[in-house]
DNA sequence: TTCTCTGTTGTATACGTATACAATAGATTA
DNA sequence: TAATCTATTGTATACGTATACAACAGAGAA
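Residue numbers (the numbering used here), protein chains in the order written: chain Y, 1 to 334; chain F, 1001 to 1334.
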């Protein structure tokens, strides 16, 4: 069923159908009502492909993520979705799995959909990707990641500060043997690690190579990293993790090894997660305003799309905050 | 940049461009290679709206869910997405928030996108919705919910059995004062509650009205339901919850009330969740093969779409299993 | 040579929509 | 009355693609 067929049934022209659908004021009220009844009766829905083709745009926003393994992206998605819905836009999801090839495919998909804008946690950006993104003018928001080459609105958190604070807090409890399970060295990963090193240096602590293990931002790698750390001849008394999944991995490893947190080992996380407060012990961590991020990204994008903001690229750095719970303890003399 | 423009640049016709994109064998290999270079050079991507319009189909699957608050749907989404990706299809998400009006909008959206099929956890289905769905022939999978009116492939779990097993287990531990926090009375909700009643009756237990509270499948309602239960003059010794979010709500309430699980109150859940094993105590629950459900739904759909299966409506009932952990204990004499 | 066949490319068109423009009837004005 | 204006509707078209069909050149056969 299309406009033409429906028009024939209704005894009007297809233009009238179209006008009624788009609530054109130049239609006689009775006609409008009559056509609306016909539309309802036949459950007619306009073909969005034809619509978008004709309009040369699609009221669609692309949301680029690694995947949904990290609940971080789910929260962000919900925020973006609600803003888009409010503006009558659809979100399509592109998954990179942290691979540049998949990222490129996802971006091509977005472009083929004629998206109005993209909100993305980009894996890596070279000139090729940049060229593609530039077709969207400034309607791109880089979320959680930064790239020198990328001159788009950006929302990040203060990763370095978070990294420093983790060390500061453990140091204040008397810890000296501090290990870190860090993530992939993308932009937030590097900054968190920089923060770690700065924190150590500021407090006059020595950053030992064997205390630094990459957990690739995922749970199993962090699990094994934790086990490795504890098998060292001189194991650390505190473990820092640089994201939520790795914190969970470390927590599970410590539990499985029957190591008491925080009496034997203190554990501090980065980024909150659903059960952080309800594990035993509750997890001390660097908290970030994740609920804001999605909506903020959405709103920044629509400010651009609706020309409410025309101007220089914006860079928002959201603050992080140490949230103390019970997974860290004063270092007892051993 | 479209085919016509690119064709002019390349010095061929737009038909040739189109043929190269679709890897038509009737193109001279050298031409193909040459055109591919041009496409790459100009980063040309075909307009998917025009494509879908021309094709009168869209290689798109609609996935209908309540929302992403329940991690259940995330797992399912991941399964469906991976199967769709394998087949070159895109998933678009429709959110109902468990409201029929939003469900209708989501389905209209799917239809306007010319989806090839829908996998959905439907809120409710009347003739109107049914009519719309029937446009997709049999390419609809009803997930987790059942409706008499709906003659489509269905994947559910054995909800009633799960409900019975919860009671059986608690009874085997000596509990008699068993409360249940049940969910919305949709199809699985009803069956779980039926299971509860049957289990109680089978074991000669009396099902008290004041021990039955609706937790609406969400965490806060279950939290308050739990508090209410414990404020009763004669509080229950065991609490059954009928989904994961409500189990979490009950767990948090008990924790916040400093009530020991399982010594003071036993808690049993329905449906697994990330931290069930790592809470203290680990949660005893009815486990279901959730990882299978998404992929299975995807595969069932593509069997239809690719005519690998043509036939009667299928109904798959996946088994559930009691997973014993430490949140239930023998009833100690009071 | 002439004809046929094959491989390759181009031309023209339909998909369903929104809208510019044309057309019409009826109302208003001079 | 004729002229003008307004409200409403219809007609024709472009959006970008994929493909049916036409066209053509060159190879091979008769």
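Positions of the beta carbon are idealized from the N, C-alpha and C atoms, including for glycine.
Under 8 Å between the Cβ atoms of residue i and residue j?
i	j	result
residue 98(Y)	residue 123(Y)	yes
residue 306(Y)	residue 83(Y)	no
residue 1046(F)	residue 1080(F)	no
residue 1335(F)	residue 1248(F)	Here chain F comprises residues numbered 1001 to 1334, so residue 1335(F) is not present and cannot be evaluated.
residue 1178(F)	residue 1185(F)	no
residue 301(Y)	residue 157(Y)	no
residue 1227(F)	residue 1268(F)	no
residue 1181(F)	residue 1213(F)	yes
residue 173(Y)	residue 329(Y)	yes
residue 1143(F)	residue 1297(F)	yes
residue 340(Y)	residue 245(Y)	Residue 340(Y) lies beyond the range of chain Y shown here (1 to 334); nothing can be said about it.
residue 1270(F)	residue 1192(F)	yes
residue 1065(F)	residue 1038(F)	no
residue 1130(F)	residue 1117(F)	no
residue 1266(F)	residue 1175(F)	yes
residue 235(Y)	residue 326(Y)	no
residue 1278(F)	residue 321(Y)	no
residue 1215(F)	residue 1164(F)	no
residue 1286(F)	residue 1103(F)	no
residue 1150(F)	residue 1125(F)	yes
So residue i and residue j are supposed to be a Cβ contact under 8 Å. How far apart are they, rounded?
i	j	result
residue 94(Y)	residue 107(Y)	7 Å
residue 183(Y)	residue 243(Y)	6 Å
residue 1304(F)	residue 1139(F)	5 Å
residue 63(Y)	residue 91(Y)	5 Å
residue 313(Y)	residue 153(Y)	6 Å
residue 119(Y)	residue 61(Y)	7 Å
residue 162(Y)	residue 189(Y)	Wrong, their Cβ atoms sit about 12 Å apart, outside the cutoff.
residue 219(Y)	residue 1280(F)	Not a contact, Cβ separation roughly 19 Å.
residue 1058(F)	residue 49(Y)	7 Å
residue 250(Y)	residue 222(Y)	5 Å
residue 68(Y)	residue 1077(F)	7 Å
residue 1232(F)	residue 1210(F)	6 Å
Pull the bridge partners of residue i from the DSSP assignment, please.
i	result
residue 182(Y)	214(Y)
residue 142(Y)	120(Y) and 154(Y)
residue 1273(F)	The partner list for residue 1273(F) (beta bridge, DSSP) is empty, contrary to what the question assumes.
residue 1062(F)	1092(F) and 1118(F)
residue 1323(F)	1285(F)
residue 1241(F)	1181(F)
residue 316(Y)	155(Y)
residue 266(Y)	238(Y)
Quick one: list the residues of chain F neighbouring residue i, beta-carbon separation under 7 Å, in chain order.
i	result
residue 45(Y)	1108, 1111 and 1112
Note down, in chain order, every chain Y residue with its Cβ under 9 Å from the Cβ of residue i.
i	result
residue 1325(F)	None at all; the shortest Cβ gap to chain Y is about 13 Å.
residue 1184(F)	The premise fails here: residue 1184(F) is roughly 21 Å from chain Y at the closest Cβ pair, so nothing lies under 9 Å.
Which bits of chain Y does residue i rub up against, with CB to CB less than 8 Å?
i	result
residue 1092(F)	90 and 92
Residue i versus chain F: which residues are under 8 Å apart at the beta carbon?
i	result
residue 68(Y)	1074, 1077 and 1078
residue 255(Y)	1278
| What residues from the segment 1072-1083 of chain F come within 8 Å of chain Y, judged by C-beta to C-beta, listed N to C? | Listed by position along the chain: 1074, 1077, 1078 and 1081.
| message | Output needed in chain order: residues of the segment 1259-1285 of chain F with a Cβ under 7 Å from some Cβ in chain Y. | response | Taking a C-beta cut-off of 7 Å against chain Y, the contacting residues of the segment 1259-1285 of chain F are 1275, 1278, 1279 and 1280, listed in chain order.
| query | For the segment 27-61 of chain Y, which residues have a CB atom closer than 7 Å to at least one CB atom of chain F, in sequence order? | reply | Residues 43, 45, 46, 47, 48, 49, 50, 52, 53 and 58.
| Selection of the segment 130-149 of chain Y by Cβ proximity to chain F, strictly under 8 Å | Flagged, chain order: 131 and 132.
| query | Of all the residues that make up the segment 1239-1251 of chain F, which are near chain Y by a beta-carbon distance shorter than 9 Å? | reply | Hits within the stretch, in order: 1248 and 1251.
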